[in-house]
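In the numbering used here, the protein residues as written are 799 to 1466.
Only one structure is covered here, and it is reproduced in the block below.
Below, the structure written as structure tokens:
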């Protein structure tokens, strides 16, 4: 750390020494393309010496910029001009997110980005009630993803996948490519995801590579510059001719140039025009030899005049119109919004969705183009499988077509009203969703589509790779995990519930102890009879001894006086024993009566597969049935859980424990 700090200090010292050397030789303006940290030092130097300072903010390794926040003093004492426009990432992201109507999303940013740059955006979305999460992307992305799988449980991983359906990436293009590749290969994202990548430094090659690696929908926001439509005029800016490698947007060299370098080119062009203007007006100021070391060094007298000439001038260069406002900033900036539609294949086409600038805002629409209502008069045959609450029979009148209702039917009706088609709906003859048969054909709902007996299939149909090979699916609208449905335990009234805190063997031991102690008390009194008072009606019989021991056990006392020392020692030990037993019984009884939750011994598929007392099954030819069958019959499957489950499910060729419909399974 010490060595690094020393090198940093030396570099600053050398930079300051070089600047002073230049000022000793004579200087008209200072152009810097550096980060925000060093810009403050040069700003102080330029203000003190009255030297026009044209600052071009440079980001680290292509990472999106954050606002520098240069302090603006009195207008007459401020000699720094910001060549690059202000950072409008907050405004652009907010407009795009609002257009897409996102309410929950996550923001990923790389290690080089200053997250304080989007603090304004975070404050605004928080005020609007949006749910936003932040996560930093480490340099070792593979290790980061591996750690997620190692530390998260399945439920947490599923919730994390749901969060990744909407994401914003604020990072350099190289990191974005690697990150997208990792999450796609590890199946953390699906085809219904929508990601937004925002960065000023994204060229056409980066766009194509990002689209090729991603799935789902992708929106890319980048800074763009106006290009003359006339090819012959692209390389001419006023009386200045630009090299063809720079002015041609398709040239590989121009493609790989950073935006900061484009602004440097235009800044030099602007200064050349300003110096030429000074010479034409014959208002040239001689360059005084300035020193930033001597305390009595005076600032340049012609600095204010040169600054005003630069501010009043303008140039049309590689970045478009470069000019300065009253606040010393460049107001001209344009953002281009590119995007793809949802797709299940890699490398989809990208198109321009719109553009944004601080004056007019968003130009264009980010919503998907509406489908044309060109299905008027078309009648479609729709096949379905009854499954509550997706498809249910609402009316079944003899002699009339059945009427259906449910979530899937509502979606079908909405499509019918919008596109204008009519439909005839019927239930699959075998009431199955569909699975491949031994001869290669399909049964169930999928079979009706394969044999073209139906145009559309609608139900609670699970998307599987085998089904995707023969039919086309829409984007899924619900995710679910496999669950186990158990019969709820029946609560019965037990008249002997008061005996539940102790085991039956313990109750027998207590009863035997009462008889044994009663017998001992009787024998002790028979060997050494107590002295009874005159007129006493009590006697020390075996019956009275037993009754006395039982009464003291239940804390009710007794009627027989036992005055001998041996008997009292025996009863003292017995009372201590009774106190411990009664206290334990009271505590266990209170706990037993308080706990009403009935816990099942089956909490997961692993618990289900390990036991054989409770038979279980599923719906024949369903996605769960096929999944267990494929796993259970695979000799290379490492997890023995599926083979154990398949043996139970496949009893009697599947007819013993399985059902044809889920409703029958619920009743069973």
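Heads up, the beta-carbon is just placed ideally off N, CA and C, and yes, glycines get one too.
- Burial is judged here by how many other beta carbons sit within 10 angstroms of a residue's own beta carbon; residue 1227 has fewer than 16 and is exposed.
- Contact check for residue 1243 and residue 1189: beta-carbon distance about 11 Å, past the 8 Å limit, so the pair fails to qualify.
- For residue 996, the enclosing beta strand (DSSP E) covers residues 992-996.
- By a beta-carbon distance limit of 8 Å, residue 831 does not contact residue 849. Their separation comes to about 16 Å.
- The residues 1116 and 1117, in chain order, have a CB closer than 7 Å to that of residue 1060 in the same chain once the five nearest residues on each side in sequence are set aside.
- Pairing residue 1112 with residue 960, the inter-Cα distance amounts to about 50 Å.
- Burial is judged here by how many other beta carbons sit within 10 angstroms of a residue's own beta carbon; residue 991 has at least 16 and is buried.
- The alpha helix (DSSP H) runs of length 4 or more contained entirely in the region 1161-1249 are, from start to end of the chain, 1205-1217 and 1242-1248.
- Of all alpha-carbon atoms in 902, 937 and 1135, the one lying nearest the alpha-carbon of residue 1149 is that of 1135.
- For the options 1098, 1422, 1256 and 1304, the alpha carbon positioned closest to that of residue 1282 is the one of 1422.
- Only buried fits residue 1015, as 16 or more other CB atoms lie within 10 angstroms of its CB.
- Per DSSP, the continuous alpha helix (DSSP H) segment holding residue 1404 begins and ends at 1403-1408.
- Considered as a whole, the region 829-886 harbours 851-853 and 878-880 as its complete beta strand (DSSP E) runs of no fewer than 3 residues, in chain order.
- Residue environment for residue 1012: buried (at least 16 other C-beta atoms within 10 angstroms of its C-beta).
- For the pair of segments examined, the region 1159-1166 was found not to touch the region 1094-1110: the number of CB pairs separated by less than 8 Å stays below three.
- Between the region 1262-1275 and the region 1382-1391, the count of C-beta pairs closer than 8 Å stays below three; the two stretches do not touch.
- Cα atoms of residue 885 and residue 1258: separation of roughly 48 Å, rounded to the nearest angstrom.
- In summary, residue 1021 is buried, with 16 or more beta-carbon neighbours lying within 10 Å of its beta-carbon over all protein chains present.
- DSSP places residue 1294 outside both helix and strand once states are collapsed to three, so it counts as coil.
- In this structure residue 1054 does not touch residue 985 by the C-beta definition: roughly 33 Å separates them, more than the 8 Å allowed.
- In this structure, residue 1351 and residue 1312 form a Cβ contact; the two beta carbons are roughly 6 Å apart against a cut-off of 8 Å.
- Residue state for residue 968 is assigned as strand, using DSSP reduced to three classes.
- Looking at the DSSP output, residue 907 bridges to 934 and 968.
- Counting along the chain, no beta strand (DSSP E) covers residue 1069; the unbroken alpha helix (DSSP H) around it starts and ends at 1057-1079.
- The beta carbon of residue 912 sits closer than 6 Å to the beta carbons of 864 from its chain, once the five residues preceding and following it are set aside; these are given in chain order.
- Here residue 1181 is actually not in contact with residue 1284; their C-beta atoms are around 32 Å apart, not less than 8 Å.
- By the CB criterion at 8 Å, residue 1125 and residue 883 fall outside the cutoff.
- CA-CA distance, residue 1448 to residue 1225, rounds to 27 Å.
- Cβ atoms of residue 862 and residue 996 come within 8 Å of each other, at about 7 Å.
- For residue 1366, the closest of 1384, 1381 and 1347 by C-alpha to C-alpha distance is 1347.
- Residue burial annotation: residue 1128 is buried, with at least 16 other C-beta atoms found within 10 angstroms of its C-beta.
- In chain order, 875 and 877 place their CB closer than 6 Å to the CB of residue 845, counting only its own chain and leaving out the 5 sequence neighbours on each side.
- DSSP places residue 1284 outside both helix and strand once states are collapsed to three, so it counts as coil.
- Taking the CA atoms as reference points, residue 888 sits about 25 Å from residue 1007.
- When DSSP reads this structure, residue 1417 sits in a beta bridge with 1457.
- In the three-state DSSP reduction, residue 1382 falls in the helix class (H, G or I).
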